[in-house]
Amino acid sequence: MNDTQQDIWRGSIMIVTNDATSDYSTPPFLNVTIEPLVDPSASANTGVEGSALNGGSASHGNTTTVESNKIYGEYGVSFWRFDLNLNLIDSEQRVTYSINAGSDSLGSSSPSPTETFYIPSRNQDMNIMFYSCNGFSLGVAPEKFKGQLWNDVLEQHENKYHFHVMLGGGDQLYCDKVKIATESVKKWSEEKNPFKKRTAPMQPEEKAEIDQFYLWHYISWFGLGYFYGPHGRTLQPGWPKALAKIPMINIFDDHDIIDGFGSYTDGIMKSPHFSGIGRAAFKYYLLFQHCVAPEEPTSKEPSWVMSPRPGPYMGEHARSVYARLGQSIAFYGLDCRTERSHHQVCEDATYDAMFSRINHEVKQSNGQIKHLVIMLGVPIAYPRMVWLERILTSDLLMPLKMLTRKGYFSGLSNEFDDGIEILDDLDDHWCARHHKKERNEFVSRMQAFSKSTGVRITILGGDVHLAGVGRFYSRKPVPPEKDYRHMLNIISSAIVNTPPPDKLADFLNKRNKIHHFGSDTDEDMVKIFPVDVDNSHRNNDRLLPRRNWCSIIATHGQGQARRAGQINSTGEPPVSNSRETLYPDLPGTLSVILHMEKNDQDPASVTIPYEVLVPPLEL
Numbered sequence: 001m002n003d004t005q006q007d008i009w010r011g012s013i014m015i016v017t018n019d020a021t022s023d024y025s026t027p028p029f030l031n032v033t034i035e036p037l038v039d040p041s042a043s044a045n046t047g048v049e050g051s052a053l054n055g056g057s058a059s060h061g062n063t064t065t066v067e068s069n070k071i072y073g074e075y076g077v078s079f080w081r082f083d084l085n086l087n088l089i090d091s092e093q094r095v096t097y098s099i100n101a102g103s104d105s106l107g108s109s110s111p112s113p114t115e116t117f118y119i120p121s122r123n124q125d126m127n128i129m130f131y132s133c134n135g136f137s138l139g140v141a142p143e144k145f146k147g148q149l150w151n152d153v154l155e156q157h158e159n160k161y162h163f164h165v166m167l168g169g170g171d172q173l174y175c176d177k178v179k180i181a182t183e184s185v186k187k188w189s190e191e192k193n194p195f196k197k198r199t200a201p202m203q204p205e206e207k208a209e210i211d212q213f214y215l216w217h218y219i220s221w222f223g224l225g226y227f228y229g230p231h232g233r234t235l236q237p238g239w240p241k242a243l244a245k246i247p248m249i250n251i252f253d254d255h256d257i258i259d260g261f262g263s264y265t266d267g268i269m270k271s272p273h274f275s276g277i278g279r280a281a282f283k284y285y286l287l288f289q290h291c292v293a294p295e296e297p298t299s300k301e302p303s304w305v306m307s308p309r310p311g312p313y314m315g316e317h318a319r320s321v322y323a324r325l326g327q328s329i330a331f332y333g334l335d336c337r338t339e340r341s342h343h344q345v346c347e348d349a350t351y352d353a354m355f356s357r358i359n360h361e362v363k364q365s366n367g368q369i370k371h372l373v374i375m376l377g378v379p380i381a382y383p384r385m386v387w388l389e390r391i392l393t394s395d396l397l398m399p400l401k402m403l404t405r406k407g408y409f410s411g412l413s414n415e416f417d418d419g420i421e422i423l424d425d426l427d428d429h430w431c432a433r434h435h436k437k438e439r440n441e442f443v444s445r446m447q448a449f450s451k452s453t454g455v456r457i458t459i460l461g462g463d464v465h466l467a468g469v470g471r472f473y474s475r476k477p478v479p480p481e482k483d484y485r486h487m488l489n490i491i492s493s494a495i496v497n498t499p500p501p502d503k504l505a506d507f508l509n510k511r512n513k514i515h516h517f518g519s520d521t522d523e524d525m526v527k528i529f530p531v532d533v534d535n536s537h538r539n540n541d542r543l544l545p546r547r548n549w550c551s552i553i554a555t556h557g558q559g560q561a562r563r564a565g566q567i568n569s570t571g572e573p574p575v576s577n578s579r580e581t582l583y584p585d586l587p588g589t590l591s592v593i594l595h596m597e598k599n600d601q602d603p604a605s606v607t608i609p610y611e612v613l614v615p616p617l618e619l
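Last residue of the sequence shown: 619 in UniProt numbering, with the numbers rising by one and none dropped.
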């Protein structure tokens, strides 16, 4: 991330080593070479100024050695972090690095490879990649998918965009397997006595078993891209390659812990076993997804925005993330999981801390910040399912629940609190009955922030395994570039997991209508999918159930206003709905592209781009 006050890029690289097979006589070290890239002919629509994308020359830089810092160690492995502070200059730079000069002294079966990533120029906005749902649910057969979208990400990274950062919107790995891969959780989840389930203490050996599950599950997925579940296995080598080539910023969601964490009944959530699962997952989330040890003082890292008191179940403080992604883009990743319960997503104080921080940063930027990208785990503008929630929580279903507890209708209820299986997913949504008031207050505060600062807000959300664009806007006709209420919710999910059936997406689409938010704001979904990836007409032009990922690139404002839709490979205007809103391509506009998988049986993993523009706010 950028520290624009000092023209510094701050980041870190972390390795995990096996103590039994590693030689620590010389602690691990990092060799770093930085090369400025110069190419005046770089295409304007990539958002890259002075890049080597078209074969430009690079001057050779000096190699610097960076010492490691052992931040953590347990269960026979050690975590080593290399902290980087790199000077930004007037051109983009390529950073090449290797561990221990490429030797195999850390127990690897082969020498450490040389890897490369890119940092922007001091006046450039970062090229952003966004994704979510990066794994398979337990009920999915991974081997039925022949394509792997991380291959498409890497191809576009190397040949088109040079992504400077990738934003993980939650579920960077799926840890639901903890309930079948560990004897302690399996035994506890099968306990039929509700009192014992809520009160049974977690023994030290059970804690160690759960810890080691998360540790080795992370090493397997983040290190190799390997996962196996009840219905098969997969190897996704493009994922760890992307980790080595594109710096990451993450928030976490339930599958980074266990399916539905935070949305079950209070008694189960506070049980020693379930809260213990949360604490173990949180520890390894910090280590692997943020490269920090749980005991490190949070004051050492200025990007953290800490909640003042611990969440109700993990006993941990929510950690949201602020970062500057180049000259005009600020980023805020709101921790929507650590404090989540059946009745709240975040504490009031967490929202207060968020708006205090972003107001301070905008003021300090002296007008440079034009866009604020807010990342949430679950979309905040999405078709309503409250009617289904009411049915599933109705007293009319009590006899059915009783039969389920006695073993009938297997699979109808979950194994934790005997609630209806999909109810935790519905309760996760911002429009769930218990969260609706909180959601509306949050949206109102975002709009008030845009009005007072002139900064455009764009929201990122994942979780739902399909793509779409939710939208808030003024009820009275106001051009998007003049409308502080105009906020798009970009929904990109899933990059790995399976999409829902077309009929479910069509059903959700039929639930979509224009909602009236207060007296001045309307809410709907953008008709971004008038055609499918094969150019066939779609009746459901708002939601597309295909695997996908998202790119966000600042434009130079040289194009005409256009509607959201599929980008035409011939260079003609996008294939769009003629009744959709025209978005102007002004200087500093963000080109947001949903890259939709064309054929999940194609190993080439080709995607089709659908674009919506996000203009800066002009008040």
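Positions of the beta carbon are idealized from the N, C-alpha and C atoms, including for glycine.
Looking at the DSSP output, tyrosine 473 shares a beta bridge with Asp522. Within the region 318 to 378, the complete beta strand (DSSP E) segments at least 3 residues long are 329 to 333 and 371 to 375, listed from N- to C-terminus. Every alpha helix (DSSP H) of 4 residues or more that sits fully in the region 143 to 171 is shown, in chain order, as 149 to 156.
Boundaries of the beta strand (DSSP E) around leucine 488: 487 to 491. Judged by DSSP in its simplified three-state form, alanine 141 adopts coil rather than helix or strand. Taking a contact to require three or more Cβ pairs closer than 8 Å, the region 466 to 478 and the region 511 to 526 qualify as touching. By the 16-neighbour rule on beta-carbons within 10 angstroms, glycine 315 is exposed. In the DSSP assignment, serine 271 falls outside any alpha helix (DSSP H) and carries neither an H nor an E. Taking glutamine 212 as the centre and dropping the five residues before and after it, the same chain places the C-beta of Tyr75 closer than 8 Å to its C-beta, in chain order.
Taking 8 Å as the cut-off, the beta carbon of isoleucine 369 is found no closer than this to the beta carbon of alanine 323. Membership of tryptophan 80 in any alpha helix (DSSP H) is not indicated; the residue belongs instead to the beta strand (DSSP E) covering 77 to 87. DSSP, reduced to helix, strand and coil, places glycine 461 within a strand of the structure shown. Annotated as distal: glutamine 236 and tryptophan 304, with beta-carbon spacing of 8 Å or more.
Counting along the chain, arginine 94 sits inside the beta strand (DSSP E) bounded by residues 93 to 99. Taking tyrosine 382 as the centre and dropping the five residues before and after it, the same chain places the C-beta of Gly470 closer than 6 Å to its C-beta, in chain order. Taking a contact as a CB-CB distance under 8 Å, the pair aspartate 256 and cysteine 175 counts as one, their CB atoms being some 6 Å apart.
Only residues of its own chain outside the window of five on either side were considered, and among them Ser12, Met14, Asn69, Ile71 and Cys291 have a CB closer than 6 Å to the CB of arginine 81, listed in chain order. One thing to note: threonine 589 has its Cβ no nearer than 8 Å to the Cβ of lysine 598.
Secondary structure remark: continuous beta strand (DSSP E) runs of at least 3 residues inside the region 164 to 235, in chain order: 165 to 168, 226 to 229 and 232 to 235.
Considering only Asp7, Ile380 and Ile459, the residue with the shortest C-alpha distance to histidine 515 is Ile380. Exposed is the label assigned to histidine 537, since fewer than 16 other Cβ atoms lie within 10 Å of its Cβ.
Apart from the 5 residues on each side of it in sequence, serine 271 sits with its Cβ closer than 6 Å to the Cβ of Arg198 in its chain, given in chain order. Residue range 436 to 453 is occupied by the alpha helix (DSSP H) that includes serine 452, with no beta strand (DSSP E) assigned at that position.
Look at the beta carbons and you see the region 533 to 551 touching the region 491 to 509: at least three pairs across the two are nearer than 8 Å. Counting only residues of its own chain and dropping the five nearest sequence neighbours on each side, histidine 465 has a CB closer than 8 Å to the CB of Cys133, Ser493, Ala494, Asn497, Thr498, Pro499, Pro500 and Pro545. In summary, threonine 555 is buried, with 16 or more beta-carbon neighbours lying within 10 Å of its beta-carbon over all protein chains present.
Under the three-state reduction of DSSP output, arginine 562 falls in the strand class.
Residue state for phenylalanine 29 is assigned as strand, using DSSP reduced to three classes.
Isoleucine 180 is classed as exposed because its beta carbon has fewer than 16 other beta carbons within 10 Å across all chains shown.
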